[in-house]
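In what follows, a single structure is set out as structure tokens and then discussed.
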Amino acid sequence: MKYGGSTNLRFDDTNPTTEETEYVDSIMEDIHWLGFEWNGEAVYASDYFGKLYDFAVDLIKKGLAYVDDSTPEEIAGMKGTPSEPGKESPYKSRSVEENLDLFAKMKNGEFADGSRVLRASVDMSSPNMLMRDPIIYRIKKEHHHRTGDDWCIYPMYDFAHGQSDSIEGITHSLCSLEFIHHRPLYDWFIEKLGIFPSKQTEFARMNVEYMITSKRKLLKLVSDGFVTGWDDPRMPTISGMRRRGYPAAAIRNFCDKAGVAKRENTIEISLLESCVRDELNKTALRAMVVLDPVKVVITNYPEDASEVLLSENNPEDHGSGHRELTFGREIYIEREDFMENAPPKYFRMTPGADVRLKNAYILHCTHVDKDEQGEVQTIYVTYYPNSKSGEDQSGIKPKGTLHWVCAADAKPCQVRMYDRLFTVPDPTADEAKDFLTFYNKESLRVVFGAMMESSLQNSQPGTQYQFLRQGYFCTDADSTADLLIFNQTVGLKESFSKEVKR
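Here's what the structure looks like:
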């Protein structure tokens with residue numbers, strides 16, 4: 000830690016009906032992946048259920064809490080409005096002894112769910128609605144994933160939060176800005192209980208363009224099938240970013256550059272993507288993948304011959320070594336890298352012009368074969384034998400360089416191309432419209448029939464690459480021995496589909 004402190008990892012599991020071990024495990028995995036370690040073992044609010052119950056009993060003994068038999072609707076009606084004070088509950092006048100007896104019976108399961116609650120006796124005229132005798136315990140006869148059936152009453156988050164902080168000796172309890180109105184209640188409980196004075200501090204959420212952070216809205220994306228899961232590479236979750244290929248170091252760098260704010264703001268997504276590019280440029284292995292292949296035949300290259308060429312794995316990392324590329328008479332290039340009737344200053348492949356292949360030779364295009372629809376099927380070229388990269392003696396200086404793969408050993412692969420998940424920077428800005436109105440239907444495009452260089456055939460999930468002239472990509476966990484799948488992480492430069500932007 001920068002200031003020599005330590006951080007606790009505590010899970011709020013005060014609601015037994017919503018807690019799932021799956022979320023706990025994935026959160027811990029994500030935090031480890033980001034490069035952070037918490038202090039000791041992870042802890043849970045349920046670790047303190049016994050102590051929290053004692054705190055509640057202490058409040059009752061001090062005349063600061065009472066058992067209320069009112070229905071949820073009646074309690075809501077008694078709360079009043081921000082401009083009108085609330086009304087005292089008819090049960091607020093119960094004696095300490097009666098409240099202690101009723102609370103013990105609540106704990107022992109003698110009452111039905113929802114029939115009674117324990118409320119703090121604070122101030123029903125407070126301008127802060129949260130201070131108007133908030134509920135601190137309710138009856139829920141549900142099985143808890145950690146405590147089993149030991150408890151049938153559970154503390155509310157506002158009661159468990161500050162007291163759990165105090166039990167752990169937390170000095171700085173950091174919350175997002177929506178909890179600023181909860182702080183007076185946080186402080187009230189600690190003061191009345193006379194326990195360690197933990198302090199709550201609020202900060203603004205890290206809102207990023209084209210992303211949402213509402214768990215409820217993210218859950219709707221998952222449950223309604225707009226994405227494949229919480230780790231869909233389009234999701235603004237740590238697991239989604241990880242699967243897409245964002246390096247942990249890039250996310251940390253982004254957080255450092257964005258900083259911590261005390262008021263709501265929105266950060267441009269270009270800053271995040273720039274941090275990802277900068278990190279991957281230093282660390283990603285280079286490779287060649289042709290997304291839309293068209294065959295090229297080198298007519299003056301011997302039919303049965305081939306050779307091995309060397310290509311550096313990462314020019315930014317001199318210790319990354321080299322890989323071997325097979326070169327032969329037939330190769331594949333991108334279909335968009337060929338134009339039969341090219342305009343001036345077109346520096347890719349076109350009849351009558353020269354172009355270099357990355358780490359290989361200079362080619363001269365002669366003619367093409369087309370099908371009945373006029374689609375180019377095969378491009379024919381000659382090569383200059385004395386133009387080999389690193390040994391070029393041809394004197395020819397073509398202005399264009401193309402990526403390619405050898406037809407003899409290239410392997411098919413699938414590539415998933417990603418765009419923004421939403422078509423506008425803030426899909427929640429217009430409260431009159433459902434945020435799904437702005438869902439980008441073009442946010443995923445699957446490329447079938449791409450061809451990759453053979454050095455990639457043993458790539459493992461999570462491996463990050465720069466596909467030359469294409470962008471940065473990451474091997475996906477859906478890959479099989481027969482078919483590798485790559486996720487587009489980010490382009491080589493800032494871009495956004497013009498159609499979506501418009």
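Its first residue numbered 0, the sequence shown is counted upward by one per residue in numbering that gives the first Met the number 0.
Cβ atoms here follow ideal geometry from the backbone N, Cα and C, with glycine treated the same way.
Between residue i and residue j, what straight-line distance do the alpha-carbon atoms span, to the nearest angstrom?
i, j, result
"G39", "D148", "27 Å"
"I330", "L420", "36 Å"
"I194", "D164", "10 Å"
"E208", "V23", "27 Å"
"V95", "F102", "10 Å"
"V367", "I378", "4 Å"
"E83", "D122", "13 Å"
"G320", "P314", "9 Å"
"C412", "M451", "7 Å"
"G351", "R334", "17 Å"
"R241", "V66", "48 Å"
"T422", "Q463", "27 Å"
"H171", "V221", "34 Å"
"N439", "L455", "31 Å"
"N55", "F48", "First, the amino acid is wrong: residue 55 is Ala here, not Asn. Their Cα atoms are separated by approximately 11 Å."
"N107", "K256", "52 Å"
Based on Cα-Cα distance, which residue from the options lies nearest to residue i?
i, options, result
"Y156", "S45, H143, T70", "S45"
"T488", "D418, E36, S94", "D418"
"W150", "H160, G161, F158, I138", "I138"
"V375", "E441, V414, I332", "I332"
"C364", "P384, L309, M338", "M338"
"V289", "T170, R131, C405", "C405"
"N312", "T282, I30, W187, M210", "T282"
"L309", "R204, G394, F326", "F326"
"H317", "L284, I297, A304", "L284"
"K60", "V296, A428, E278, L99", "L99"
"Q162", "V423, S197, S213", "S197"
"I26", "L8, P89, D481, P15", "L8"
"S453", "M234, K344, G76, M287", "M287"
"E278", "F253, L176, D230, D112", "F253"
Per DSSP, what are the beta-bridge partners of residue i in this structure?
i, result
"K369", "V375"
"N486", "R415, C473"
"I266", "V207"
"G327", "S305"
"T400", "R355"
"Q199", "S172"
"K294", "Y331, T377"
"G147", "H143"
"I152", "I138"
"A119", "A64"
"Y80", "Reading off the sequence, residue 80 comes out as Thr, not Tyr. According to DSSP, T80 bridges with E83."
"K410", "M451"
"S310", "R322"
For residue i, which residues in the same chain have their Cβ closer than 7 Å to its Cβ, ignoring the five residues on either side in sequence?
i, result
"P154", "T13, L51, I135, Y136"
"P460", "T474, D475, A476, S478"
"L534", "Here the chain covers residues 0 to 501 and nothing more, so residue 534 does not appear."
"R262", "A203"
"S125", "R131"
Going by beta carbon distance, what residues of the same chain come within less than 6 Å of residue i, once the five residues before and after it are set aside?
i, result
"D336", "R347, M348, L401"
"G79", "G85"
"I484", "Q413, D475, D477, S478"
"E272", "V489"
Going along the chain, which residues of its own chain have a beta-carbon closer than 8 Å to the beta-carbon of residue i, five neighbours each way excluded?
i, result
"D53", "none"
"E302", "R328"
"S114", "D68, I138"
"V296", "R328, E329, T377, I378, Y379, V380"
"S496", "Residue placement at S496 is flagged as unreliable, the pLDDT there being 44, under the threshold of 50; the coordinate-derived value follows with that caveat. Counting only Cβ-Cβ distances below 8 Å, and skipping sequence neighbours, we find D418, E441."
"R501", "Note on R501: pLDDT 41, under 50, position unreliable in the model; no value is reported."
Every unbroken beta strand (DSSP E) within the region 439-474, with a cutoff of 3 residues, ordered by chain: 443-451, 463-466, 470-474
Secondary structure, beta strand (DSSP E): runs of 3+ residues fully inside the region 210-289: 284-286
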